[in-house]
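Structure first, then comments.
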Amino acid sequence: MKRSIAVVLVFALVLTGCTTSAGSYSSAGLAPIPGSITYSGQPRTKLTKSPVGSSFPHTFTDQWGRQVEEIYIIQPDRSLLIAARHYRPVFSLDDD
Numbered sequence: 002m003k004r005s006i007a008v009v010l011v012f013a014l015v016l017t018g019c020t021t022s023a024g025s026y027s028s029a030g031l032a033p034i035p036g037s038i039t040y041s042g043q044p045r046t047k048l049t050k051s052p053v054g055s056s057f058p059h060t061f062t063d064q065w066g067r068q069v070e071e072i073y074i075i076q077p078d079r080s081l082l083i084a085a086r087h088y089r090p091v092f093s094l095d096d097d
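Take 2 as the starting number for the sequence shown in the working numbering and just add one per residue.
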């Protein structure tokens with residue numbers, strides 16, 4: 002019984018260490034790549050109607066022809082932070 006409680010406590014500690022909310026995202030984010038909204042610097046137009054901490058996706062094709070999806074978070078100063086980047090598979094094994 003003590004062992005199962007210890008396992009649950011360790012799991013809970015690991016889980017709380019892995020979770021972050023958009024409001025507390027303190028990392029510098031990912032470096033922009035060609036095709037990213039922030040590749041040439043922050044956009045000149047500020048996202049004034051979007052709430053701080055909100056996120057949105059941006060999909061583009063990189064310089065090697067791969068489909069890329071980036072998730073951006075709007076910072077308090079209205080700059081954009083790349084929070085996540087996903088590469089889509091070039092081909093699918095699904096024959097449908």
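Built from N, CA and C at the ideal position, the CB exists for glycine as well.
{"Query": "Segment limits, beta strand (DSSP E) that includes isoleucine 75", "Result": "68-75"}
{"Query": "Minimum C-alpha distance to proline 33 - residue among Ala85, Arg67, Asp78", "Result": "Ala85"}
{"Query": "Cβ-based neighbour list, isoleucine 83, same chain, cut-off 7 Å, excluding 5 preceding and 5 following", "Result": "Gly30, Leu31, Pro33, Ser37, Thr39, Glu71, Tyr73"}
{"Query": "Where proline 58 sits in the DSSP three-state scheme", "Result": "strand"}
{"Query": "Per-residue DSSP class, three states only, for arginine 45", "Result": "coil"}
{"Query": "Presumed contact (8 Å Cβ cut-off) between leucine 48 and arginine 67, rounded CB distance", "Result": "Contact doesn't hold; Cβ gap of about 27 Å is too wide."}
{"Query": "Euclidean distance between Cα positions of tyrosine 88 and proline 35", "Result": "14 Å"}
{"Query": "Coil, strand or helix - isoleucine 83 by DSSP", "Result": "strand"}
{"Query": "Beta-carbon contacts of proline 52 that lie in its chain and below 8 Å, excluding the five residues immediately before and after", "Result": "Ile75"}
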